[in-house]
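Student: The following block contains the structure, expressed as structure tokens.
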Amino acid sequence: MKIALVTDAWAPQVNGVARTLAALHGGLTAAGHEAYALTPDQFRTLRCPTDPEVRLALRAHPALARRLDALMPDAIHIATEGPLGFAARAYCLDRGLCFTTAYHTKFPEYLKARFGIPLAWSYAAVRRFHAKSSAVMVATPTVRHELAAHGFERVVAWSRGVDTALFRPGCAPALDLPRPVFLYVGRVAAEKNLPAFLDLDLPGSKLVVGDGHLLPQMKHRYPQVRFAGRHEGEALVRHYASADVFVLSSRTETFGLVLLEALACGLPVAALPVSGPLDVVGDSGAGVLDWDLRGAALQALAIRSEICRAHALRFSWRAAIQQFLANLVPGADSGNLSTAPRPASVGGAARDPDALRSACLGTTPGGH
Numbered sequence: 001m002k003i004a005l006v007t008d009a010w011a012p013q014v015n016g017v018a019r020t021l022a023a024l025h026g027g028l029t030a031a032g033h034e035a036y037a038l039t040p041d042q043f044r045t046l047r048c049p050t051d052p053e054v055r056l057a058l059r060a061h062p063a064l065a066r067r068l069d070a071l072m073p074d075a076i077h078i079a080t081e082g083p084l085g086f087a088a089r090a091y092c093l094d095r096g097l098c099f100t101t102a103y104h105t106k107f108p109e110y111l112k113a114r115f116g117i118p119l120a121w122s123y124a125a126v127r128r129f130h131a132k133s134s135a136v137m138v139a140t141p142t143v144r145h146e147l148a149a150h151g152f153e154r155v156v157a158w159s160r161g162v163d164t165a166l167f168r169p170g171c172a173p174a175l176d177l178p179r180p181v182f183l184y185v186g187r188v189a190a191e192k193n194l195p196a197f198l199d200l201d202l203p204g205s206k207l208v209v210g211d212g213h214l215l216p217q218m219k220h221r222y223p224q225v226r227f228a229g230r231h232e233g234e235a236l237v238r239h240y241a242s243a244d245v246f247v248l249s250s251r252t253e254t255f256g257l258v259l260l261e262a263l264a265c266g267l268p269v270a271a272l273p274v275s276g277p278l279d280v281v282g283d284s285g286a287g288v289l290d291w292d293l294r295g296a297a298l299q300a301l302a303i304r305s306e307i308c309r310a311h312a313l314r315f316s317w318r319a320a321i322q323q324f325l326a327n328l329v330p331g332a333d334s335g336n337l338s339t340a341p342r343p344a345s346v347g348g349a350a351r352d353p354d355a356l357r358s359a360c361l362g363t364t365p366g367g368h
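Residue numbers (the numbering used here): 1 to 368.
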């Protein structure tokens with residue numbers, strides 16, 4: 001199957017969305033599919049003012065249209081609500097093509113945290129973006145219910161996995177800090193609610209691994225915290241090995257790949273009972289979820305490493321990729337998706353181009 005993945009999040013960005021899509025692309029290719037990632041580095045870009053590592057495509061629609069015309073993919077998946085995502089959406093709507101989308105990021109909450117924009121305004125805009133999608137993929141049941149409450153339709157499940165060969169217990173620690181060590185891995189940004197962790201009165205040490213626009217401010221505000229910067233691969237695994245508990249104070253996760261990475265390394269989790277932790281950790285016994293984050297962090301110290309590892313092994317990229325394939329829909333008149341059952345909301349329209357176009361655009365066959 002030939003699949004076009006359109007995304008504004010891609011390397012060299014280091015975030016959960018970029019890493020998820022890289023794993024998806026690699027998994028689709030390994031499974032024998034032709035996966036084409038259409039990413040910002042293929043277009044003229046400018047830096048995002050609030051996130052310098054993020055490049056935003058400029059006037060992408062004509063160039064993206066030429067690339068998609070040349071590819072003639074069997075399915076188009078729009079992963080992000082950025083410039084490339086909007087250009088791909090316009091391309092599909094102009095041509096009467098079906099497409100799927102994904103909701104990776106709680107942009108309404110991000111915009112409220114950074115700029116004070118009311119949630120209702122942002123959710124209305126994001127809902128309009130996804131309104132014509134044949135399937136809006138989300139990582140957890142909690143997010144699915146949240147979006148339904150905001151009026152989203154055709155929301156379907158697409159879970160995540162973790163590389164359990166890379167993220168594993170028993171590695172040599174990168175740092176020798178006073179124990180116990182409480183660790184956060186991720187972007188140092190307003191929406192991550194880091195002060196809720198860094199202000200806690202905890203014994204031992206606090207360790208932060210990651211970069212972001214608030215890093216200089218956080219270093220100045222919390223001189224007692226060890227800020228190790230950004231790390232990937234084996235270096236990141238060794239930083240997980242340096243800790244005793246993984247602490248996530250964010251309230252805006254849609255999944256939280258770092259939760260799985262920590263668990264795969266044998267680290268128990270302390271987090272708030274919100275989307276992401278509720279679904280990834282839940283009542284597994286591999287972590288403690290509580291609004292009292294200090295109490296959760298201290299309780300998590302008693303959790304055995306093997307419980308955490310066993311829970312992480314339940315999440316498979318292979319299963320996640322099969323779930324993604326099952327959510328895809330053909331673009332217009334493609335019969336090449338026999339290995340990917342369509343979401344029930346599309347029904348039997350996929351074999352009839354007129355009916356399929358109607359299902360995508362919300363019209364009656366032959367109507368406008």
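Using N, Cα and C, we set each Cβ at its ideal position, and we do this for glycine too. A quick note: this is a predicted structure, and the numbers were derived from the prediction, not measured.
Per DSSP, what kind of secondary structure is L38 in: helix, strand or coil?
Tutor: Stepping through the sequence shown from its first residue, residue 38 is reached at position 38. Strand at L38.
Student: Could you pull the DSSP bridge partners for A312 from this structure?
Tutor: Walking along the sequence shown from the start, residue 312 turns up at place 312. For A312, which the question treats as bridged, DSSP gives no partner whatsoever.
Student: Take Q13 as the anchor and find which of D51, L202, A75 has the nearest alpha-carbon.
Tutor: What you label residue 13 is simply residue 13 of the sequence shown in a count that begins at 1. It is D51 whose Cα lies nearest to the Cα of Q13.
Student: Buried or exposed: which applies to R19, given that a residue is buried once 16 or more other Cβ atoms fall within 10 Å of its Cβ?
Tutor: By one-based count along the sequence shown, residue 19 stands at place 19. Result: buried.
Student: For the alpha helix (DSSP H) that contains H231, what are its first and last residues?
Tutor: Here residue 231 corresponds to residue number 231 of the sequence shown, with the count starting at 1. That residue, H231, is in no alpha helix (DSSP H); it is neither H nor E in DSSP.
Student: Mapping DSSP to helix, strand and coil, what is Y123?
Tutor: Indexing the sequence shown from 1 puts residue 123 at position 123. Helix at Y123.
Student: Does V225 get closer than 9 Å to chain C when you measure Cβ to Cβ?
Tutor: Of the chains in the structure shown, none is chain C; there is only one protein chain.
Student: Rounded to a whole number of angstroms, what is the C-alpha to C-alpha distance between L58 and R187?
Tutor: As a working note, residue 58 is residue 58 in the sequence shown. As a working note, residue 187 is residue 187 in the sequence shown. Rounded to whole angstroms, L58 to R187 spans 25 Å at the Cα level.
Student: With a cut-off of 8 Å on the beta carbons, I'd call A270 and L236 a contact; round off their distance for me.
Tutor: Walking along the sequence shown from the start, residue 270 turns up at place 270. Walking along the sequence shown from the start, residue 236 turns up at place 236. Rounded, the Cβ-Cβ distance is 19 Å, inconsistent with contact.
Student: Could you give the first and the last residue of the continuous alpha helix (DSSP H) run that contains T142?
Tutor: Here residue 142 is taken as the residue at index 142 of the sequence shown, counted from 1. Taken as a continuous stretch (DSSP letters only), the alpha helix (DSSP H) holding T142 covers 141-149.
Student: With H213 as the anchor, note down where its beta strand (DSSP E) starts and where it stops.
Tutor: Along the sequence shown, read from residue 1 onward, the residue named residue 213 stands at position 213. Segment: none, H213 is in no beta strand (DSSP E) and carries neither H nor E.
Student: Go through its chain and collect everything with a Cβ distance to S284's Cβ below 6 Å, but skip five positions before and after it.
Tutor: As a position in the sequence shown, residue 284 is number 284, starting the count at 1. The residues are H311.
Student: Grab me the residues of L147's own chain with a C-beta within less than 6 Å of its C-beta, minus the 5 sequence neighbours each way, in chain order.
Tutor: What you label residue 147 is simply residue 147 of the sequence shown in a count that begins at 1. If we look at L147 and ignore the five residues flanking it on each side, its Cβ neighbours are V155.
Student: Mind checking whether T254 and A139 have CB atoms under 9 Å apart?
Tutor: Your numbering for residue 254 matches position 254 in the sequence shown. Your numbering for residue 139 matches position 139 in the sequence shown. Contact: yes.
Student: Write down every uninterrupted run of the beta strand (DSSP E) in the stretch 159-223 whose length is 3 residues or greater and which is fully enclosed by it, in chain order.
Tutor: Those beta strand (DSSP E) runs which fall completely within the stretch 159-223 and span 3+ residues are 181-185, 205-209.
Student: By the three-class DSSP mapping on this structure, what secondary structure does L293 have?
Tutor: Mapped onto the sequence shown, residue 293 falls at position 293. Three-state result, L293: helix.
Student: By how many angstroms is the C-alpha of I3 removed from the C-alpha of V225?
Tutor: Locating residue 225 in the sequence shown gives position 225, counting from the first residue. Locating residue 3 in the sequence shown gives position 3, counting from the first residue. About 44 Å.
Student: Taking the alpha-carbon of M369 as reference, which of A124, F107, Y123, W158 has the nearest alpha-carbon?
Tutor: Because the chain is modelled from 1 through 368, residue 369 falls outside the range shown and cannot be assessed.
Student: If you measure between the beta carbons of S250 and G229, is that distance less than 9 Å?
Tutor: The sequence position of residue 250 within the sequence shown is 250, counting from 1. The sequence position of residue 229 within the sequence shown is 229, counting from 1. No.
Student: Beta carbon of P386, beta carbon of S316: below 9 Å?
Tutor: For residue 386 there is no data in the structure shown, the boundaries of the chain being 1 and 368.
Student: Please go through the same chain and pick out, in chain order, the residues whose beta-carbon is closer than 6 Å to the beta-carbon of R144, but skip the five residues on each side of it.
Tutor: Looking up residue 144 in the sequence shown gives position 144. V138, V155.
Student: Could you name the residues of the same chain whose beta carbon sits closer than 7 Å to that of E81, not counting the 5 residues immediately before and after it, in chain order?
Tutor: Counting from one through the sequence shown, the residue named residue 81 turns up at place 81. Within the same chain, E81 has close Cβ partners F107, V126, F129.
Student: Could you compute how far the alpha carbon of P341 sits from the alpha carbon of Q323?
Tutor: Indexing the sequence shown from 1 puts residue 341 at position 341. Indexing the sequence shown from 1 puts residue 323 at position 323. With a pLDDT of only 38 at P341, under 50, the local geometry of the prediction cannot be trusted, and the value read off the model is given with reservation. Distance between the alpha carbons of P341 and Q323: 10 Å.
Student: Tell me the rounded alpha-carbon separation between G151 and P141.
Tutor: The residue you call residue 151 lines up with position 151 of the sequence shown. The residue you call residue 141 lines up with position 141 of the sequence shown. C-alpha separation (whole angstroms): 15 Å.
Student: Let me check understanding here. Comparing Cα to Cα, which of G212, F197, D211 lies closest to S205?
Tutor: Locating residue 205 in the sequence shown gives position 205, where the first residue counts as 1. Answer by Cα proximity: F197.
Student: On the CB-based measure, 16 or more other CB atoms within 10 Å of its CB, does G295 come out buried or exposed?
Tutor: The count along the sequence shown starts at 1 and reaches residue 295 at position 295. With fewer than 16 Cβ atoms within 10 Å of its Cβ, G295 is classed as exposed.
Student: R55 bridges to which residues according to DSSP?
Tutor: Here residue 55 refers to the residue found at position 55 when the sequence shown is read from its first residue. Note: R55 sits in a beta bridge opposite R47.
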